[in-house]
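Structure, as structure tokens:
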Amino acid sequence: MAGVIRDRPGALAHPSHHGELDGTTRERVLELIISEGPVSAATLATSLGLTPAAVRRHLSSLEDEDLIVVHEAGQPTGLRGRPARRYVATTRGQAEMSGAYSDLATQALRFLRATAGDAAVEQFAHDRLDDLARRYAPRITAPDVTGRAHQLADALSADGYAASVRPVAGTSTVQLCQGHCPVQHVAEEFPQLCEAEAQVFSRLLGSHVQRLATLAGGGHACTTSVPTPDARARPGPPGEPTTA
């Protein structure tokens with residue numbers, strides 16, 4: 018599945034009582050919630066090939082550890098009007114996916130700000146993202162904005178951002194969603210990183226973009242709205258959310 022991150026520093030280090038295999042399954046559940054959330058237990062079971070009972074057991078464990086939470090904007094199931102329970106990762110859950118370098122990076126940027134000012138931090142953010150743009154540009158070659166958005170999501174996922182593209186029902190717009198950000202905790206103090214990233218996305222896609230939410234700002238995903246004038250408005254899948 019797109020966006021799954023493996024063999025990384027900081028991967029889930031809490032073994033399940035049911036052994037190593039169960040611990041691996043638990044990690045897969047959290048990874049899918051991060052990349053696809055808000056996501057329902059039924060969707061998780063189908064995607065992972067698990068029984069509903071097995072998924073519920075993992076969800077209960079992850080909730081107890083404050084790694085996931087029920088997303089408030091649930092959609093109706095059609096059964097007596099009850100809302101579907103859809104799950105997203107908490108800040109702690111996101112931290113489980115991160116490496117051990119956030120503190121060092123934050124300290125380095127604090128030093129840069131103290132010695133050279135905010136302008137130096139902004140320059141660093143733009144230089145870092147310019148390098149990303151140079152690496153991604155050869156892979157983003159589709160003739161239309163929608164195709165380029167999908168190519169960008171693939172490139173981001175390969176770098177650990179658990180990215181996906183989701184249509185917005187009834188509009189000629191898609192949302193580029195990043196379920197994980199390796200520099201989330203750094204960006205919480207230095208939002209210049211998020212601002213520079215959005216500018217680079219606009220450049221790579223050849224389209225105006227609008228940042229709707231960020232993980233660093235408390236969202237369950239980094240969500241960027243991308244107009245797609247090349248696509249005709251079409252309805253989204255029934256029952257699925259179309260906004261962050």
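Residue numbering for the sequence shown follows this note's numbering, beginning at 18 and increasing consecutively.
C-beta atoms are modelled at their ideal positions from N, C-alpha and C, and glycine is treated no differently.
Bridge-paired residues (DSSP) for residue i
i, result
"glutamine 227", "Ser242"
"threonine 190", "Pro244"
"arginine 103", "Ser57, His88"
"glutamine 140", "In the DSSP output, where bridge partners are listed per residue, glutamine 140 has none listed."
"glutamine 195", "Ala180, Cys239"
Endpoints, the alpha helix (DSSP H) within which residue i is located
i, result
"valine 162", "162-175"
"leucine 76", "69-81"
"phenylalanine 218", "209-222"
"alanine 154", "Counting along the chain, alanine 154 falls outside any alpha helix (DSSP H), and DSSP gives it neither H nor E."
"valine 203", "201-204"
Range of the contiguous beta strand (DSSP E) that encloses residue i
i, result
"proline 184", "180-184"
Beta-carbon gap between residue i and residue j smaller than 7 Å
i, j, result
"glutamine 209", "alanine 133", "no"
"arginine 127", "valine 138", "no"
"serine 77", "glycine 196", "no"
"leucine 84", "arginine 109", "yes"
"leucine 146", "alanine 230", "no"
"leucine 193", "threonine 241", "yes"
"alanine 159", "arginine 152", "no"
"histidine 167", "valine 182", "yes"
"methionine 191", "valine 226", "Note that residue 191 corresponds to valine in the displayed sequence, not to methionine. Cβ distance not < 7 Å, so valine 191 and valine 226 don't count as in contact."
beta-carbon residue i near the ligand GTP non-hydrogen atom, thresh 6 Å
i, result
"leucine 229", "The ligand content of the structure shown is nil, which means the ligand GTP is not present either."
Original post:
Would you call the segment 199-216 and the segment 59-67 in contact, with 3 or more CB pairs under 8 Å?
Top reply: no
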